[in-house]
Structure formats: structure tokens, C-alpha cells
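*Asks:* In my numbering, the protein residues as written are 8 to 418.
What follows is a single structure, and I will ask about it in a moment.
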Ligand code: TYM
């Protein structure tokens, strides 16, 4: 079943071509609404929007039409493994909260990805709910965004299988995360799903014809694979071949753009400034979890690795810990890089650490309070997730239909 916003998005790409908008923002900047497109449409006195968008009410006001035309889609997700840490928050979730004001957003909890490594079956259910609660506690607003569990929308797995037939094994074997994780799992013993993990991730994204995917730096390679796969499937099955089979023709998938923040894209371990902060690192001292108590946060920062240089500075390759901690301070305090540089250039570690701890605690406290409120009412979260899955299923079904039609299935 086609959804109105699908129509809007597919038609809006025609309009985008008509008005030749500026190229998409590059992967390192969060985009702003394409203002030049707004003015181009607003300046169009011929009013051909009705011809291009016959499904819009003829009396829809110009601002309403413009708003719908600009509704680009953003998707992202986090695995429910271990607890969500400052890296997940600063690299991804915090940016989702900004994006939901401008775009149509869908945020999912990727439980199917969480089973690609050995996991605790007693924990998965709770971790999935906790992750959803944390999304909301961090500011994801269900009046703007759809929040759901990946496995509740079956189309993710179906699309993954359909995409798998077009994915060369070599593309998967060269993924850095696969190489690292499969080595840890003992090579041949690693599960097939660890290899095909990026195909599922591509399905998560392509299913919703997503324009943008806000992620941390470590997901960039997976995003590139999703883009390559979308192109490949468009070439193999889209266009005139699809039209001959009764389809719309043209591209089946949109080519998604990664959105990687300038600061916070790679938050490093507290115990080693050269390793990424990670849920799977054996020592809990290496990360700050969003639900860590005030005392624990203060203690972890007090004991974190530093150096013996005088003063504090950004971007000195010999001081990875210093750069990391200043960057964290910059984001959680809401200050600019210049302000932090000025404030900290002559500061000692002994003075800076309590400053950083206070700023982190102050930033995370309201999130922790909201988390308690949300989890206190079990039925609320179930309702949110069920409504989110319904909305997602509606969009997902139209993509599955298109692809199956283009691939020649008997529908
Ligand atoms: P996951 O669960 O490992 O991480 C979730 C998000 O957090 C980011 N991230 C970090 N950012 C900055 N510094 C860090 N130290 C850090 N560690 C993690 C990740 O880049 C990610 O954005 N495969 C993905 C989940 C996924 C997904 C998707 C994401 C599945 N399908 C579709 C976007 C769209 C993953 O395992 O993320």
C-alpha cells in the first residue's frame, strides 16, 4: 500500500530535479532545509504543484505544500547490547533530537543486529525496552518521530533477503567491523549473520527510502555499502525493466546520505584515547553509561587516562585523551570550541576533571530522571512501540511491494 509521504517523496524528487537544488550536504555536516528550493517554489507563479501533487487538497495553502515537499526522511538505530554510553549519545542520539524538528524521523532499536554475536537471552527483552526508554529520555519526541523495535516490522528481514541476492560476498568480507569481530569470535566460528549484518543494516535504511542517516564515524563504511547496494539494485531491477513489469519505473531506492557530526563522531575510551568508547570493551571504567550514577561518573572521570603536558589543547596528535575529553566537555557544556580552548588552555588536569565531571552529570541528570518516569509506566512504552511499528510497517510494505514487483515475483 502506498503511503502519502512516499508519494510526496517520490514526486518531490521530480520537483527537486525541476528546480535543480544545491547538491546534498556532505557527510560531515548536519543539513539545513534547502532554503533555495523553498524560495524557488515560492517564487513559482505558475502553481504547477497541483499537477505534480494531485493528492494534495486543491485548497492546501502554499506553506502546507512547501512543508510537505520538504519532508525528507531520517532513520537510525542503536543495538540493545549492554548499556548505551556517551559515544552512542553524542555520536548519534543527541543529533536525532535535533533532526526530528526538521525531518520525518524513524528511530528503531536494532534487536536483530544484537543477535549476531553471542548474547544473553534473559537480557535481550529488557535491553530492548531500556534502549527505547532511553531514546525518549534523551529527547526523542513521539509526536514527531516514530520509535519501534526492528524485529516488530518483519519487512526488515524480508528486504534483507531480497537484497542479499544482489550483494557480492566480497563486499561483506572486506568490512572492517566484520574482520575485527569475526577475528574475536575465532574466524570460522563466527556466525553467518555477522557477515551479512551490513545487508540487514542496508535494509533498515532502504526500506524507508531514507534521505539521511545520522550515525557515528564507525558506521560510515556500512553506510557506503548501503549506498552501493541501493545503486546496484536500482541498476539491476529499476528503470525500464521495472516499468515493463507494470511498475512505476525509475529508481527503486533512494541513495541515503550519512550524517556524521563534526564533534562527537568518535568518542574515545576513558582508559585509552586511541580506542573508541565501546559497549563491548571489557572494562566499564572505559565508558560513561547514560545511566551511571553521579558518583560513578565522577569516579570514572577522576581515574581516566591523561598525560603530563602542561595546559590543555585540542588536536594535538600526541594527546588523544586530551582532545577527547575537551570535545566531550565542549558538547555537554554547550560551549564552542574556541570558548573551551580559551577556558582550558592553562588549566591543569586536577582542575579540569571535576569541571568535566560536573558538566557531564548536569547534562545527563535530566535524562536519568525522564528515564525513571518512562520506565515506571510499562504500558506507555508498549503503546509507543506498537504505534511506531504500525507507522513503519505502512511505509515498509510499499517498498517491499515495489522491489518484489521489480524482481519479477508473482504478487
Ligand atoms: P551501535 O549500536 O554500535 O551504535 C549506535 C550508534 O552510536 C554510534 N557510536 C558512537 N559514536 C561516537 N563515538 C563512539 N564511541 C560510538 N560508538 C557507537 C554508532 O556510530 C551508531 O550511530 N549497526 C549499527 C546500528 C544500526 C543502524 C541501522 C544505524 C543498525 N541498522 C540503520 C543506522 C541505520 C550499530 O551497531 O550501532
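For each residue, glycine too, the CB sits at the ideal point set by N, CA and C.
On a predicted model such as this, the values are computed, not experimentally measured, just so you know.
(1) Can you tell me whether DSSP reads residue 248 as helix, strand or coil?
(2) Residue 94 and residue 284 - do their beta-carbons sit closer together than 7 angstroms?
(3) Which residue from 205, 263, 331 and 409 puts its Cα closest to that of residue 6?
(4) Measuring CB to CB, does residue 142 end up less than 7 angstroms from residue 154?
(5) If you reduce the DSSP assignment to three classes, tell me which class residue 275 lands in.
(6) Can you name, in chain order, every residue of its own chain whose Cβ lies under 7 angstroms from the Cβ of residue 246, other than the five neighbours on each side?
(7) Run the proximity test for residue 90: is its beta-carbon closer than 6 angstroms to any non-hydrogen atom belonging to the ligand TYM?
(8) Taking 7 angstroms as the cut-off, decide whether the C-beta atoms of residue 313 and residue 292 are in contact.
(9) Just reading off the beta strand (DSSP E) that residue 266 is part of, what are its end residues?
(10) Going by CA-CA distance only, name the one from 379, 307, 205 and 212 that's closest to residue 402.
(11) Apply the 10 Å Cβ neighbour rule to residue 111 and answer buried if 16 or more other Cβ atoms are within range, or exposed otherwise.
(12) Where residue 281 and residue 330 are concerned, what is the direct C-alpha to C-alpha distance, given to the nearest angstrom?
(13) Indicate the three-state DSSP secondary structure (helix, strand or coil) for residue 90 in the structure shown.
(14) Excluding the 5 residues preceding and the 5 following residue 169 in the sequence, name in chain order all residues of the same chain whose CB lies nearer than 6 angstroms to its CB.
(15) Along the chain, where does the beta strand (DSSP E) that runs through residue 420 open and close?
(16) Count the other C-beta atoms from every protein chain shown that fall within 10 angstroms of the C-beta of residue 264, then say buried if there are 16 or more, exposed otherwise.
(17) Beta carbon of residue 102, beta carbon of residue 268: below 7 angstroms?
(18) Would you list, in sequence order, the uninterrupted alpha helix (DSSP H) runs of no fewer than 4 residues that lie entirely inside the segment 85 to 162?
(19) Please state the DSSP three-state secondary structure of residue 323.
(20) With 16 as the cutoff for other CB atoms within 10 Å, does residue 353 come out buried or exposed?
(21) Determine the closest residue to residue 188 out of 287, 99, 81 and 376, with distance taken between C-alpha atoms.
(22) Once you ignore the five residues that flank residue 322 on each side, which residues in its own chain have a CB closer than 8 angstroms to its CB?
(23) Taking the C-alpha atoms as reference points, what is the distance between residue 215 and residue 399?
(24) Under 6 angstroms: does the beta carbon of residue 148 sit that close to some heavy atom of the ligand TYM?
(25) Under 8 angstroms by Cβ, that's how I've got residue 304 and residue 364 pegged, so tell me the actual separation to the nearest angstrom.
(26) Would you mind sorting residue 139 into buried or exposed? The rule is 16 or more other CB atoms within 10 Å of its CB.
(27) Taking just the CA atoms, how far does residue 104 sit from residue 81?
(28) Would you say residue 396 and residue 92 are within 7 angstroms of each other, going by their C-beta atoms?
(29) Check whether the Cβ of residue 98 lies closer than 6 angstroms to any heavy atom of the ligand TYM, and answer yes or no.
(30) Identify the continuous alpha helix (DSSP H) that holds residue 351 and give its terminal residues.
(31) Return the chain-ordered ranges of every alpha helix (DSSP H) run that is complete within the segment 177 to 259 and spans a minimum of 4 residues.
(32) Cα-Cα, which of 113, 307, 88 and 173 is closest to residue 78?
(33) Measure the alpha-carbon distance for residue 228 versus residue 259 and round it to whole angstroms.
(34) So is the beta-carbon of residue 223 under 6 angstroms away from any non-hydrogen atom of the ligand TYM?
*Replies:* With the given structure in hand:
(1) Residue state for residue 248 is assigned as helix, using DSSP reduced to three classes.
(2) Contact flag set, yes.
(3) The chain is shown only over 8 to 418; residue 6 falls outside these bounds and no answer can be derived.
(4) Pairing residue 142 with residue 154 gives a Cβ-Cβ distance under 7 angstroms.
(5) In the structure shown, residue 275 adopts extended strand secondary structure according to DSSP, grouped into three states.
(6) For residue 246, where only same-chain residues beyond five positions count, the Cβ hits under 7 angstroms are 256 and 257.
(7) When distances are taken from the beta-carbon of residue 90 to the heavy atoms of the ligand TYM, even the shortest one reaches 6 angstroms or more.
(8) Taking a C-beta distance under 7 angstroms as the contact criterion, residue 313 and residue 292 do not qualify as a contact pair.
(9) From DSSP, the beta strand (DSSP E) with residue 266 extends over 264 to 266.
(10) Residue 212 is the option with its Cα nearest to residue 402.
(11) Residue 111 is buried by the Cβ-count criterion.
(12) When rounded, the distance between both Cα atoms is 11 angstroms.
(13) Coil, per DSSP.
(14) Cβ neighbours of residue 169 beyond the five flanking positions: 410.
(15) Outside the modelled stretch of the chain, which goes from 8 to 418, sits residue 420, for which no answer is possible.
(16) The residue in question, residue 264, is buried, as its Cβ has 16 or more Cβ neighbours within 10 Å.
(17) Yes, the Cβ-Cβ distance between residue 102 and residue 268 is below 7 angstroms.
(18) Within the segment 85 to 162, the complete alpha helix (DSSP H) runs of at least 4 residues fall at 101 to 106 and 128 to 144.
(19) It is coil, neither helix nor strand.
(20) Residue 353 is exposed by the Cβ-count criterion.
(21) In this structure, 287 is the residue among 287, 99, 81 and 376 with its C-alpha nearest to the C-alpha of residue 188.
(22) Counting only Cβ-Cβ distances below 8 angstroms, and skipping sequence neighbours, we find 330.
(23) If I take the Cα positions, the gap works out to 8 angstroms.
(24) Result no, Cβ not under 6 angstroms from the ligand TYM.
(25) With a beta-carbon spacing of about 6 angstroms, residue 304 and residue 364 fall inside the 8 angstroms limit used to define contacts.
(26) Classification of residue 139: buried, given that the 10 Å Cβ count is 16 or more.
(27) Straight through space, the alpha carbons of residue 104 and residue 81 are spaced by roughly 11 angstroms.
(28) For residue 396 and residue 92, no; Cβs fall outside 7 angstroms.
(29) Yes, since a heavy atom of the ligand TYM falls inside the 6 angstroms radius drawn around the Cβ of residue 98.
(30) Where residue 351 is concerned, the enclosing alpha helix (DSSP H) stretches over 344 to 351.
(31) Segments of the alpha helix (DSSP H) lying fully in the segment 177 to 259: 183 to 191, 199 to 213, 227 to 244 and 246 to 251.
(32) Cα-wise, what sits closest to residue 78 is 113.
(33) Near 22 angstroms, if we compare the C-alpha coordinates of residue 259 and residue 228.
(34) Yes, since a heavy atom of the ligand TYM falls inside the 6 angstroms radius drawn around the Cβ of residue 223.
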